[in-house]
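Have a look at the structure below, then the notes.
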Amino acid sequence: MPSFVVATNFQFFGSLFPTERSTPKKLVQTVGKKKREDQILKRIFFIWIGPPTQRFEEDFDKLQQLGEPGQFGVTFRCRNKTSKTTYAVKILSKNRFYRIPVEHRNRFLRAMHDEIEILATLQHENIIKLEKVYEDKPYLYIVMEECTGGELFQRIVAREKYTESDAARVIKQLLSALKFMHEVHEIVHCDLKPDNILFLDKTENSLVKIIDFGMSKVLPRLQYLTHLCGTPYYTAPEIVAAKKYNHQADVWSVGVILYVMLFGYPPFYVDPQVYGKKERSAIYEKIKKGFFPKVRDTNKYGFGPWFPSHIPVSAAVKDLIAHLLAKDVTDRYSANEGLVHPWILNGGVMTEESVERPIIPKEMLTTLAKFSNTCQFKLVVVKLFRKEFQRMRPHHFNQLEKIFEKMDTDGDGIVSYEEFEKALSSIPQLPITNKEIRAMFKELNVSETKGIRFEDLLNAVVHDYLVACDERLYAAFAELDTDDDGCITVKELKDKLKELDPLGEWERACQLIEEQALDKGGMIDYEEFLVSLHPKFDEPPVWLPALHHMKSTKQQENEDEEEDKDKDKDKDKDKDKDKEKKEKTGKSEKKKEKKIRKARQARKTRKISWR
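For the sequence shown, the positions run 419 to 1029 when this note's numbering is used.
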C-alpha cells in the first residue's frame, strides 16, 4: 500500500473539511458564507499536512516539467533522494482553488479527496500506482509512478490504426483492470478514453496504465449513478439518456477505444466545423441511436457507427466490438466476459495457435471460483438459462466446448480430478493450493459423479453470465415471473421448465422452489431471488482474492528483472561497504600511527627540556 504523510491529529480518509466542533472560535465568528468558505480553504492544509520536519523537498529532488500546465497545477519528474528512483509528481497550487466559484469549491475538493482515496485503494498492474502524498501550506504533492511511454492517444495518432494483435494486447489489459475495479472494489471510472491511458515505457509490449480517477466513484452492486460525466465520444448511451447507470458504462468506453484503435476515428464522429457549438449535442444524438454492427460502404454512407468497408477486420473482433457497444446493458459484455472472448484469448490472431497456452485461461478461474456455495435453487435457475446463454454468447459457448475437450484428455466425457488438476497446473503462477483446487472441483461437480461433465462447467459460466449485470438478473426474474405480479410461484416455474425442458428435471425443481420459498404461500419475490443468486449475498471462497490479484507474465518478468537489479545493487552496496570499511580501518590505523609518532616526539621534547 502507498505510504502517506498524514497529520497525527487528523485522519486522511475522514471528512475533508473541519467540523464546527473542531473549528477555531475566530472561524466560527466569521460573518458571511463566502468568507467562511475561504477560511476553510486556507485551513485545508491542517487536515493533510504531515509533521513540519517531513516535506516533499526532503525526500525528493524536483526535475524537469512533464507536459503542459493544467488548470490547478503542473506535473514534474522527481527523484527519490534515497533510492534514486524517478517518479512523476503532480503539484497543485491551492491559490488556484480560489478561481472556482464558492458554490462548486467544496464539491471539487471532495472529488480531489476521493480521487486520492481511490488511487490508494487500487493496486493493479494496469492502474497507475500512487506512491506518496505530501502537503504544505501552498501546495499539494501527489507522487505517482512514472510512465515514459506516452498516451495511447499519441500512439494512435502516430500509427493511424493498430493491428488486431497489438490492439488485443492493450484491450486485454484495460479489461483486466476494469474487472479488478468492478468486481473487487466496486469502483467505476466514468472517464475512460485514450488520453487517460499511459504506457509504462516506450517499448511496443509495454504495460498500459489507467490514470485520472477524478470522476471515479465507489458504486456498490444494486446501486446506480445518474449525473452526466465523461468525454462525449466515449460516453455510454444510458448516461446520455439521463438514465441510471453503473459499471457497464466503462465497458462501453472500452468498446469505443477498441474501435478507434482499429479504424482511426470514433464510431460516433461528427465534424466540428459543420456542427460548431452543437458538436456535443450532435455526438449525443448519435450515441442515443446506438451502434449498428454491420459493414457499410464508406463511399456511400461515409463514416458512422458501423464497420467501414475500406478497413477489413476479422469477424471475431467485430463480434467483440458489437457486444462491447451493445445499447442494451443486459446484452453488453461485462469486463470478465470481454476477457474470455476468443479474440482476446487468442491475442487478436484467429488462426491455429502456434504458441502453447494454458488449458484453462486464467481469466476463467474467477468464474469457476464464484460458482461456490451453490444451493440447489441457484442450480435450477442457472439450468433454465443455459439455452439463452448459448444463443446470446455463441463464441463463449464454442470456446467452452474447446476448453472441455482439452481438459478431457481420455475423451470419456468426464473430467476427473487428476485431469482438472493438470489443467489448472498449466496456468503460470497459480496462486491456489492443491487443497483449494480439490474444493473447487467438488463445488463444480454438482452431479456428484466421478468427475465434471460439460454441463457442470456450463453451469458455472451461465451463473457468471447472469450475475455479471444487475439488469440481467432482473430480466431473468421477470422472465420467470410470467404473470408479472412480482413473485415466482411453483406453477410459473413448472410452466417455464416444461417450456425449456432442461434435462427433464422440472419435478425436482418444483420441490426445490417450495423449499426455497420463505413465506407460507410458496412464492419467491425478487429480494429472495437476489439472496439466492446475487454474488453480493454469497460468501466468496477463500481463494478468490488471490485469483483477482494474479499477475501477468509481463509483470512477473518485470518484477523478476527488478529483483535481479535489486540483488545486484545489494551486492554493489556490500562491496562499497567493505571498501569503506577497509578505508576507514586504514584511516584509523594511520591516525593511530600518527598519534604514536606525536607521543614519541613529545617525550623526546620533554627529555630535552628537562636537561
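From the three backbone atoms N, C-alpha and C, an ideal C-beta is built for every residue, glycine too.
Using C-beta distances below 8 Å, list every residue in its chain close to residue i, excluding the 5 sequence neighbours before and after it, in chain order.
{"i": "Trp724", "result": "Pro685, Phe709, Phe710, Pro711, Lys712, Val713 and Arg714"}
{"i": "Arg1037", "result": "Given a span of 419 to 1029 for the chain in the structure shown, any question on residue 1037 remains unanswerable."}
{"i": "Lys579", "result": "Met679, Leu680, Phe681, Gly682 and Ile729"}
{"i": "His600", "result": "Val606, His665, Asp668, Ser752 and Ala753"}
{"i": "Asp749", "result": "His741 and Met810"}
{"i": "Ser843", "result": "none"}
{"i": "Lys500", "result": "It is worth fixing the name first, because residue 500 is Thr in this sequence and not Lys. If we look at Thr500 and ignore the five residues flanking it on each side, its Cβ neighbours are Asp477."}
{"i": "Asp913", "result": "Thr900"}
Return the Cβ separation of residue i and residue j in integer angstroms, given the expectation that the two are a contact with Cβ distance under 8 Å.
{"i": "Leu596", "j": "Asp668", "result": "5 Å"}
{"i": "Gly364", "j": "Lys620", "result": "With the chain running from 419 to 1029 in the structure shown, residue 364 is simply not present."}
{"i": "Phe478", "j": "Asn498", "result": "6 Å"}
{"i": "Glu604", "j": "Val561", "result": "With 8 Å as the limit, Glu604 and Val561 do not qualify as a contact, their Cβ atoms being about 26 Å apart."}
{"i": "Glu837", "j": "Met825", "result": "6 Å"}
{"i": "Tyr702", "j": "Ser671", "result": "Tyr702 to Ser671, Cβ: 15 Å. No contact."}
{"i": "Asp888", "j": "Arg577", "result": "The Cβ separation is near 38 Å, so there is no contact."}
{"i": "Ile739", "j": "Gly673", "result": "6 Å"}
{"i": "Leu537", "j": "Phe631", "result": "6 Å"}
If you compare alpha carbons, which of the options is closest to residue i?
{"i": "Ala660", "options": "Ile675, Val672, Tyr642 and Ser671", "result": "Tyr642"}
{"i": "Leu625", "options": "Ala586, Ile605 and Leu610", "result": "Ala586"}
{"i": "Asp689", "options": "Phe681, Ala700 and Met679", "result": "Ala700"}
{"i": "Lys682", "options": "Glu582, Ile870 and Asp830", "result": "The sequence as given places Gly at residue 682; Lys does not occur at that position. Of Glu582, Ile870 and Asp830, the residue nearest in Cα terms is Glu582."}
{"i": "Asp830", "options": "Lys853, Asp609, Tyr687 and Gly869", "result": "Gly869"}
{"i": "Lys736", "options": "Val747, Thr716, Trp761 and Leu646", "result": "Trp761"}
{"i": "Leu1032", "options": "Ala740, His952 and Glu873", "result": "In the structure as shown, the chain begins at 419 and stops at 1029. Residue 1032 is therefore absent and cannot be evaluated."}
{"i": "Lys796", "options": "Leu891, Ile615 and Asp554", "result": "Leu891"}
{"i": "Lys707", "options": "Ala744, Ile518 and Lys718", "result": "Ala744"}
{"i": "Gly904", "options": "Val602, Tyr693, Ile942 and Ile705", "result": "Ile942"}
{"i": "Ile821", "options": "Tyr719, Arg871, Leu618 and Pro556", "result": "Arg871"}
{"i": "Thr784", "options": "Gly720, Val731 and Pro849", "result": "Pro849"}
{"i": "Phe617", "options": "Glu917, Gly488, Asp554 and Glu543", "result": "Glu543"}
{"i": "Gln541", "options": "Gln794, Ser594 and Leu646", "result": "Ser594"}
{"i": "Ile777", "options": "Ala857, Phe721 and Ala841", "result": "Ala841"}
{"i": "Tyr687", "options": "Asn852, Phe721 and Lys860", "result": "Phe721"}
{"i": "Val658", "options": "Ile705, Asp899, Ile845 and Glu823", "result": "Ile705"}
{"i": "Arg517", "options": "Thr539, Glu533, Ala529 and Gln489", "result": "Gln489"}
{"i": "Val767", "options": "Ala857, Asp746, Val731 and Ser834", "result": "Val731"}
{"i": "Ala896", "options": "Thr827, Gly485, Val799 and Gln691", "result": "Val799"}
Leaving aside the five residues before and after residue i along the sequence, list all residues of the same chain whose C-beta is less than 6 Å from its C-beta, in chain order.
{"i": "Glu781", "result": "Leu757 and Val758"}
{"i": "Glu564", "result": "Thr504, Tyr505 and Ala506"}
{"i": "Phe815", "result": "Gln808"}
{"i": "Ile589", "result": "Leu676"}
{"i": "Asp902", "result": "none"}
{"i": "Leu763", "result": "Pro779"}
{"i": "Asp609", "result": "Met633 and Gly648"}
{"i": "Lys480", "result": "Phe494 and Cys496"}
{"i": "Glu656", "result": "Tyr663"}
{"i": "Thr907", "result": "Met941"}
{"i": "Thr900", "result": "Glu910"}
Looking at the strands, I want to know which residues DSSP matches up with residue i.
{"i": "Gln483", "result": "Phe494"}
{"i": "Tyr719", "result": "Answer is none; Tyr719 lacks a bridge partner."}
{"i": "Tyr505", "result": "Cys496 and Glu563"}
{"i": "Pro726", "result": "Arg714"}
{"i": "Phe617", "result": "Val626"}
{"i": "Thr907", "result": "Met941"}
{"i": "Tyr557", "result": "Ser511"}
{"i": "Phe478", "result": "Asn498"}
{"i": "Ile605", "result": "Val636"}
{"i": "Leu548", "result": "Met562"}
{"i": "Tyr663", "result": "Leu643"}
Go through its chain and collect everything with a Cβ distance to residue i's Cβ below 7 Å, but skip five positions before and after it.
{"i": "Pro612", "result": "Glu569, Leu570, Phe571, Ile574, Ile675 and Val678"}
{"i": "Trp886", "result": "The question names Trp, but residue 886 is Ala in the sequence shown. Around Ala886: Ser752, Asn754 and Glu755."}
{"i": "Gly491", "result": "Lys508, Ile509, Leu510 and Ser511"}
{"i": "Phe474", "result": "Tyr552 and Tyr559"}
{"i": "Phe803", "result": "Val880, Leu884 and Ala894"}
{"i": "Lys460", "result": "Reliability fails at Lys460, whose pLDDT of 47 lies under 50, so the model's placement of it is uncertain and the value that follows must be treated cautiously. None."}
{"i": "Ser727", "result": "Val713, Arg714, Asp715 and Thr716"}
{"i": "Arg698", "result": "Pro650"}
Can you check whether the C-beta of residue i is within less than 9 Å of a C-beta belonging to chain C?
{"i": "Val658", "result": "Looking at the structure shown, chain C is missing, and only one protein chain is on hand."}
Are the stretch 875-889 and the stretch 780-791 in contact at 8 Å, needing three or more beta carbon pairs?
Enough Cβ pairs lie closer than 8 Å, so yes.
Would you say the stretch 498-509 touches the stretch 543-559, given that touching needs at least three Cβ pairs under 8 Å?
The stretch 543-559 and the stretch 498-509 touch, with three or more beta-carbon pairs separated by less than 8 Å.
With three or more C-beta pairs closer than 8 Å as the rule, is the stretch 612-627 touching the stretch 515-533?
By the Cβ test, the stretch 515-533 is not in contact with the stretch 612-627, since fewer than three Cβ pairs between them sit closer than 8 Å.
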